[in-house]
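These notes are about the structure you will find just below.
Protein chains: 2
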Amino acid sequence: MKLELTTKTNGVDTTRLQETVSAVKAKPELGRFNFRIENRWIECGENRSEVKSYSGCGQDFTHKRDFILVADEPDILLGADRGANPVEYLLHALASCVTTSMVYHAAARGIEVEHVESALDGDLDLQGFLGLDPTVRKGYQQIRMKMRIKGNVTDEQLKELSNLGPTFSPVFDSLKNGVPIAVSAERIP
Amino acid sequence: MKLELTTKTNGVDTTRLQETVSAVKAKPELGRFNFRIENRWIECGENRSEVKSYSGCGQDFTHKRDFILVADEPDILLGADRGANPVEYLLHALASCVTTSMVYHAAARGIEVEHVESALDGDLDLQGFLGLDPTVRKGYQQIRMKMRIKGNVTDEQLKELSNLGPTFSPVFDSLKNGVPIAVSAERIP
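First to last, the protein sequences are chains W and V.
Each residue of the first sequence is one higher than the last, beginning at 121 in the numbering used here.
Each residue of the second sequence is one higher than the last, beginning at 121 in the numbering used here.
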């Protein structure tokens, strides 16, 4: 017989979360993570990424199983529509990170949430991608994220919750403030 | 019997691509696109996005089928590892967009590519997410994208190819230069 004492809030094991905080506090280099993917072009707008391994806390890890992510473009953008397109994946990365960051930090504060959903949308002007107008940016001009939260929380706690994602989310920070990106290319013989 | 005259390079219908360019040139408001997703939290680090509709060229569209994207965190980050995590999705968004942007713009220039693959990785310091050190950013500190390209191209064309993605990719621009993001939250009664 095995008895387990778990202390979960929002499904997050807050005992392990606190242990992680203590470990990284004591040894900051344990906080260094490296995430990676491999992508392969199929045809036209279709390509696939394999998500397999990562490292952190001074160790190398492999996901429970490989995750294959399929990107494509819809017909209006000349693709076969076999998957969400890259800018839709970007919205998913943002939604999932803001949500998870909120849920974890709420758990650390002892705030329980019952339900979280969000609708995101972003504006893009194809004049940028097509290179028709140099004053029009290629990327998103604006992204909106509208969260709806259910929980036994005060209005003040609701406001606190809504700030947790933007304050702590790695994708939110990356996308809002930009990231240095180094691209190189070599020939396959 | 149906005869089709197609002019495809890299799988991209360059006749339709040229028609798109002409249409947006003539009527710039056709270039305005809006992409969107809906996300729902499941538990702990797991949440799911539904990718369904979008609009552009003055019309509303629905994808051929709904795409459901599952995000989760691995065990070391307290999740159940049921999907790639948000920062891995961010790398996939970048890889797929840079690749597709290169392939489309190469097609427009008449440059054929045979094979494209890329390896991406990014550095994240958990001290940021955990709020342990205010001088450490929450997001990626640096992302590297190493492309490998096969094709009957000159060295000059290879260099040109490797610049097309970073020059025209909407996700590259969004992530490198940042995007205004408006987050709001309301209560579900």
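From the three backbone atoms N, C-alpha and C, an ideal C-beta is built for every residue, glycine too.
Nearest-angstrom Cα distance between residue i and residue j?
{"i": "residue 278 (chain V)", "j": "residue 238 (chain V)", "result": "14 angstroms"}
{"i": "residue 291 (chain W)", "j": "residue 301 (chain V)", "result": "11 angstroms"}
{"i": "residue 127 (chain W)", "j": "residue 219 (chain W)", "result": "21 angstroms"}
{"i": "residue 203 (chain W)", "j": "residue 260 (chain V)", "result": "26 angstroms"}
{"i": "residue 166 (chain V)", "j": "residue 214 (chain W)", "result": "14 angstroms"}
{"i": "residue 194 (chain W)", "j": "residue 183 (chain V)", "result": "7 angstroms"}
{"i": "residue 226 (chain W)", "j": "residue 275 (chain W)", "result": "15 angstroms"}
{"i": "residue 206 (chain V)", "j": "residue 139 (chain W)", "result": "23 angstroms"}
{"i": "residue 201 (chain W)", "j": "residue 192 (chain W)", "result": "5 angstroms"}
{"i": "residue 168 (chain V)", "j": "residue 216 (chain W)", "result": "7 angstroms"}
{"i": "residue 131 (chain V)", "j": "residue 144 (chain W)", "result": "48 angstroms"}
{"i": "residue 283 (chain V)", "j": "residue 162 (chain W)", "result": "20 angstroms"}
{"i": "residue 147 (chain W)", "j": "residue 253 (chain V)", "result": "13 angstroms"}
{"i": "residue 298 (chain V)", "j": "residue 258 (chain W)", "result": "12 angstroms"}
{"i": "residue 134 (chain V)", "j": "residue 157 (chain V)", "result": "29 angstroms"}
{"i": "residue 273 (chain W)", "j": "residue 295 (chain W)", "result": "29 angstroms"}
{"i": "residue 285 (chain W)", "j": "residue 308 (chain W)", "result": "42 angstroms"}
{"i": "residue 208 (chain W)", "j": "residue 243 (chain W)", "result": "11 angstroms"}
{"i": "residue 129 (chain W)", "j": "residue 306 (chain W)", "result": "48 angstroms"}
{"i": "residue 185 (chain W)", "j": "residue 185 (chain V)", "result": "25 angstroms"}
{"i": "residue 251 (chain W)", "j": "residue 293 (chain V)", "result": "13 angstroms"}
{"i": "residue 170 (chain V)", "j": "residue 170 (chain W)", "result": "20 angstroms"}
To the nearest whole angstrom, what separates the beta carbons of residue i and residue j, a pair I think is in contact under 8 angstroms?
{"i": "residue 211 (chain V)", "j": "residue 155 (chain W)", "result": "6 angstroms"}
{"i": "residue 189 (chain V)", "j": "residue 231 (chain V)", "result": "Actually they do not touch by this definition, with Cβ atoms about 32 angstroms apart."}
{"i": "residue 266 (chain V)", "j": "residue 304 (chain W)", "result": "5 angstroms"}
{"i": "residue 228 (chain W)", "j": "residue 137 (chain W)", "result": "6 angstroms"}
{"i": "residue 198 (chain V)", "j": "residue 164 (chain V)", "result": "7 angstroms"}
{"i": "residue 247 (chain V)", "j": "residue 256 (chain V)", "result": "4 angstroms"}
{"i": "residue 264 (chain V)", "j": "residue 241 (chain V)", "result": "6 angstroms"}
{"i": "residue 181 (chain V)", "j": "residue 196 (chain W)", "result": "6 angstroms"}
For residue i, report the span of its alpha helix (DSSP H) as first-last.
{"i": "residue 145 (chain V)", "result": "134-146"}
{"i": "residue 262 (chain W)", "result": "No alpha helix (DSSP H) holds residue 262 (chain W); the beta strand (DSSP E) holding it covers 262-270."}
{"i": "residue 296 (chain W)", "result": "290-297"}
Residue i: which of the options sits nearest, CA to CA?
{"i": "residue 141 (chain W)", "options": "W:224, W:206, W:236", "result": "W:224"}
{"i": "residue 222 (chain V)", "options": "W:172, W:249, W:222", "result": "W:249"}
{"i": "residue 268 (chain V)", "options": "V:254, V:233, V:247, V:152", "result": "V:233"}
{"i": "residue 159 (chain V)", "options": "V:242, V:147, V:148, V:172", "result": "V:172"}
{"i": "residue 270 (chain V)", "options": "V:298, V:236, V:179", "result": "V:236"}
{"i": "residue 153 (chain W)", "options": "W:129, W:179, W:306", "result": "W:179"}
For the beta strand (DSSP E) that residue i lies in, which residues bound it at each end?
{"i": "residue 220 (chain W)", "result": "Here residue 220 (chain W) belongs to no beta strand (DSSP E); instead the alpha helix (DSSP H) covers 206-228."}
{"i": "residue 242 (chain W)", "result": "235-245"}
{"i": "residue 306 (chain W)", "result": "301-307"}
{"i": "residue 159 (chain W)", "result": "152-163"}
{"i": "residue 202 (chain V)", "result": "From DSSP, residue 202 (chain V) is part of no beta strand (DSSP E); its letter is neither H nor E."}
{"i": "residue 182 (chain V)", "result": "179-191"}
{"i": "residue 170 (chain W)", "result": "166-176"}
Within 7 angstroms of chain W by C-beta, residues of the segment 186-210 of chain V in sequence order | 187, 189, 191, 193, 194, 196, 198, 201, 203, 204, 206, 207, 208, 209, 210
Can you list, in chain order, the residues of the segment 266-281 of chain V whose Cβ is nearer than 9 angstroms to any Cβ on chain W?
-> 266, 267, 268, 269, 270, 271, 273, 275, 278, 279, 281
May I ask you to list, following chain order, the residues of the segment 247-264 of chain V that have a beta carbon less than 9 angstroms from some beta carbon of chain W?
-> 247, 248, 249, 250, 251, 252, 253, 256, 257, 258, 259, 260, 261, 262, 263, 264
Where the segment 230-241 of chain V meets chain W: residues whose CB sits under 9 angstroms from a CB there = 233, 234, 235, 236, 237, 238, 239, 240, 241
In chain order, what residues of the segment 213-224 of chain W put their CB closer than 8 angstroms to some CB of chain V?
-> 213, 214, 215, 216, 217, 218, 219, 220, 221, 223, 224
Scan the segment 292-306 of chain W for residues whose Cβ lies nearer than 9 angstroms to a Cβ of chain V and list them as they occur along the chain.
-> 292, 293, 294, 295, 296, 297, 298, 299, 300, 301, 302, 303, 304, 305, 306
Give the residues from the segment 154-169 of chain W that approach chain V closer than 7 angstroms (Cβ to any Cβ), ordered along the chain.
-> 154, 155, 156, 157, 158, 159, 160, 161, 163, 164, 165, 167, 169
For the segment 130-155 of chain W, enumerate the residues whose C-beta is nearer than 8 angstroms to any C-beta of chain V, in chain order.
-> 130, 131, 132, 133, 136, 137, 140, 141, 144, 145, 148, 150, 151, 152, 153, 154, 155
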